[in-house]
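Colleague: Below is one structure. I have some questions about it.
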């Protein structure tokens, strides 16, 4: 696999990069005071935080340890804590001993509690970039940045069957990642009450796994939109191989240009990239296409209350992303003639999904390092482990929202139809 | 039963009452033009709308017919359509032929579509009173107005077992009202995952049926708050009769004064009376009481988008009520450290509940008329039938929202626990 540059993935060499390393020696009294101040800023977590010479705060012998490796790193972290931690960790100038997701969960939990105590300082660690919706050109650039890292890269650690880069559904905890991703697709199909011959529009289809599942297991016709070229090439190839290309059409276009009619509208993991400023436009697209007797589902990362994306994630990993609170994405339904039927929060399912991804990523570290470099590996481990921690402490949520046109009275009377048989068995609603 | 005055129920004789009846004779050309204008204002529904002399608009021979009985009624309706229709109907100066809920569903559906066409005029029919939250004194007055009509009155047409004046759960459509109200309580208990010995706080308990159900079927201790004296007297008497008074305490106080600890917080049919301005205060009450490992549920009438209560209902039937859109009541959870786990929309269950209520009300019309008067009977029939129509056309929704403290990770992995056995069989989660 050829990679033009690892910058595609982490945008590391921009002018906001960390101070260069300043060699250590013994820490000075002022530096130890800075360390204590940093410890208090993050809510004094039950973790050991140390300087390069072993001076530290927090309980010795604690499960997790964070080490700041040089003087420049300390100064940079104090000056720019929100960007600094990620950049310095990626550069190998902050080290974490202990299992990374667990240490981060302890750290984030502490930050979370400190923020609830309304500490002003702590916000410097959590600071976010204000987000406005991306226009079509910016959207393409943002999506290219993240998703066009290459199919080979994602294939290393996503589920092997459908390459779904979204939260799986661990209906029972012991499912494999492949089973849980299948269960997620099945759960979505049941919520949409798909019937053979119906037409489905999908906004944002990743590598196209859900579209093929719907066509194969439910006998529907699907038109799936995406603006990531590499993903679409893969998706089309797969559909051809599986003999589904007469029922699944993958279209390279922005969600704003979706047209035509559908009985079901589905979008899994795209709303994060739409941005609140564009929810009204997205709503009009759905309203225009969806049959009055239809159903829809939007699956998105979200929050308990509105907040911007963490600045480091936004800048280095996921430009343009905004996980909305329910109150924010209700704008979408309220601005159209749509009625919310069901919201299900699958937060801890995403923590479990990410555990699988991190485990597989770690199994392929050597491969990733050979394609990119050590900094890329460390940045992605921080992103995956940090996401696990964020879902576990509740900074992030995962909402699946089912909706229908407001005048649709052909609604199921209860939700037994979702639970009649395990979601690992496909085609539940065809019986 | 002694009634001081039917004003308690309908506040009819205030200065905004309708013009006195002006005797008919033949309608004039200008009056027929007014009628045509009114027909267009309400979106030209497939209904016959007639004047006292038979002049009319809309298809002759249609299923439903609305007749304006005198000249004064026409002028009043044209001048104040939002209050006028209800007041004139109650006074017997507008008559409806055909089944009242069906005619109103046709009329409201037409109004609804007309509003979506952004007609300015139609809003005069739908005009709402702006709502701000009631303080404790106003809350008492509002609640007294509606709920202290007397237990004897509500007993005539609510379910005989628990007198629940909230949406039932018709898990299957053929359930009786009593079965469906039991199923609702069971569904709520399962969502709360009650375990024996746990403590529950209930905000707004009506006649106390849910509290007794929780104590009896799930072995929990319940403290239930209400500010309606007559309801509380009834609830306490019932708890004593059923030997539950050691486990259920009914407290006459405002929700703002709730204190103590609970494992589960529940509120069914109270949020409508809280008002958006008070959601933050309500949230702080929940946050203060609810165990970090706890769960909560709020069941409320709602809307697809924010709107005030219809002015006639607000003034004559339900002062101070405001059914919120999801985006509005998310303020409650966002302002506290609470995470929404599940939202279920039970809209059509409320239409079905109301059908049962109207049927029973009609069976006891004579009794109600003898206690109050004809105007009261007509006003309440309009309110019940109009509510059926509103739920059927989607002007109103019914949301059951389950939530948990944000840091609670002891969450069920899926919703099978709600659907393991029919909700008509109690004690589902004790097995």
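Chains as they are written, first to last, in our numbering: chain A, 645 to 1075; chain B, 645 to 1075. Cβ atoms here follow ideal geometry from the backbone N, Cα and C, with glycine treated the same way.
1) Comparing the C-beta of residue 1073 of chain B with each C-beta of chain A, is any distance below 8 Å?
2) Under a CB-based cut-off of 8 Å, is residue 1057 of chain A close to chain B?
3) Buried or exposed: residue 993 of chain A, going by 16 or more other Cβ atoms within 10 Å of its Cβ?
4) So, are the CB atoms of residue 1059 of chain B and residue 1059 of chain A less than 8 Å apart?
5) Taking one C-beta from the segment 974-984 of chain A and one from the segment 1041-1048 of chain A each time, how about it: are there three or more such pairs within less than 8 Å?
6) Measure from the alpha carbon of residue 710 of chain B to the alpha carbon of each residue in B/723, B/693, B/724, B/702, then state which is nearest.
7) Using the Cβ count rule (16 or more neighbours within 10 Å means buried), how would you classify residue 697 of chain B?
8) Looking at chain A, is there any beta carbon in it that lies within less than 8 Å of the beta carbon of residue 746 of chain B?
9) Taking 7 Å as the limit between beta carbons, can you name the residues of its chain near residue 1027 of chain A, skipping five residues before and five after?
10) Out of curiosity, what's the CA-to-CA distance linking residue 1036 of chain A and residue 864 of chain A?
11) Which value, in whole angstroms, describes the spacing of the CA atoms of residue 966 of chain A and residue 913 of chain A?
12) For the beta strand (DSSP E) containing residue 1044 of chain A, name the first residue and the last one.
13) What residue range is occupied by the uninterrupted alpha helix (DSSP H) comprising residue 726 of chain B?
14) Hey, does residue 1060 of chain A have any beta-carbon neighbour from chain B nearer than 8 Å?
15) For a test of the three-state rule: what should DSSP assign to residue 922 of chain A, helix, strand or coil?
16) Which residues of chain E have a Cβ atom closer than 8 Å to the Cβ of residue 974 of chain B, listed in chain order?
17) Taking Cβ positions, are residue 910 of chain A and residue 938 of chain A nearer each other than 8 Å?
18) Mind listing the chain A neighbours of residue 1038 of chain B? Cutoff is C-beta to C-beta under 7 Å, in chain order.
19) Quick check: is the beta carbon of residue 987 of chain B nearer than 8 Å to any beta carbon in chain A?
20) When the distance is taken between beta carbons, is residue 782 of chain A closer than 8 Å to residue 971 of chain A?
21) With H, G and I counted as helix, E and B as strand and the rest as coil, what does DSSP make of residue 860 of chain A?
22) Look at the alpha carbon of residue 752 of chain A and the alpha carbon of residue 979 of chain B, and state the distance between them as a whole number of angstroms.
23) Answer yes or no: does any C-beta atom of chain A fall closer than 8 Å to that of residue 1063 of chain B?
24) For residue 1071 of chain A, which of A/889, A/755, A/839 has the nearest alpha-carbon?
25) On the DSSP bridge list, what partners appear for residue 1027 of chain B?
26) Taking Cβ-Cβ distances below 7 Å as the criterion, which residues of the segment 823-848 of chain A are in contact with chain B?
27) Which whole-angstrom value is the C-beta distance of residue 975 of chain A and residue 924 of chain A, which I expect to be below 8 Å?
28) Does the Cβ-Cβ distance between residue 926 of chain B and residue 800 of chain B come in under 8 Å?
29) Comparing the CB of residue 868 of chain B with every heavy atom of the ligand SAH, is any distance shorter than 7 Å?
30) Give me the subset of the segment 791-821 of chain A whose CB atoms are less than 9 Å from a CB atom of chain B, sorted by chain position.
31) Beta carbons nearer than 7 Å to chain B: which residues of the segment 896-922 of chain A have them?
32) Can you check DSSP and say which residues form a bridge with residue 909 of chain B?
33) How many Å lie between residue 684 of chain A and residue 702 of chain A at the Cα?
34) Sorted by chain position, which residues of the same chain lie with C-beta nearer than 8 Å to residue 712 of chain A's C-beta, five sequence neighbours on each side aside?
35) Just reading off the beta strand (DSSP E) that residue 839 of chain A is part of, what are its end residues?
36) By DSSP, does residue 1059 of chain A sit in helix, in strand, or in coil?
Modeller: The structure says:
1) Any answer about residue 1073 of chain B is weak, because its pLDDT of 46 lies below 50 and its placement is not dependable; what the coordinates show is given next. No, its Cβ sits nowhere closer than 8 Å to a Cβ of chain A.
2) yes
3) buried
4) Yes, the Cβ-Cβ distance between residue 1059 of chain B and residue 1059 of chain A is below 8 Å.
5) Enough Cβ pairs lie closer than 8 Å, so yes.
6) Selected option, being the one with the closest Cα: B/693.
7) The residue is exposed, with fewer than 16 neighbouring Cβ atoms inside 10 Å.
8) No, no contact with chain A.
9) 957, 961
10) 36 Å
11) 11 Å
12) 1041-1049
13) 725-734
14) yes
15) If DSSP states are grouped into helix, strand and coil, residue 922 of chain A belongs with the helices.
16) You won't find chain E in this structure, because its protein chains are A and B.
17) no
18) Listed along the chain, the chain A residues whose CB falls inside 7 Å of the CB of residue 1038 of chain B are 983, 1050, 1051.
19) yes
20) no
21) helix
22) 20 Å
23) yes
24) A/839
25) None; residue 1027 of chain B has no bridge partner.
26) Cβ contacts with chain B come from no residue of the segment 823-848 of chain A.
27) 7 Å
28) no
29) You won't find the ligand SAH in this model; it holds no ligand whatsoever.
30) 813, 814, 815, 816, 817
31) none
32) B/845, B/940
33) 10 Å
34) The residues 679, 693, 694, 695, 696, 718, 721, 732, 737, 738, in chain order, have a CB closer than 8 Å to that of residue 712 of chain A in the same chain once the five nearest residues on each side in sequence are set aside.
35) From DSSP, residue 839 of chain A is part of no beta strand (DSSP E); its letter is neither H nor E.
36) Reduced to three states, the DSSP call for residue 1059 of chain A is coil.
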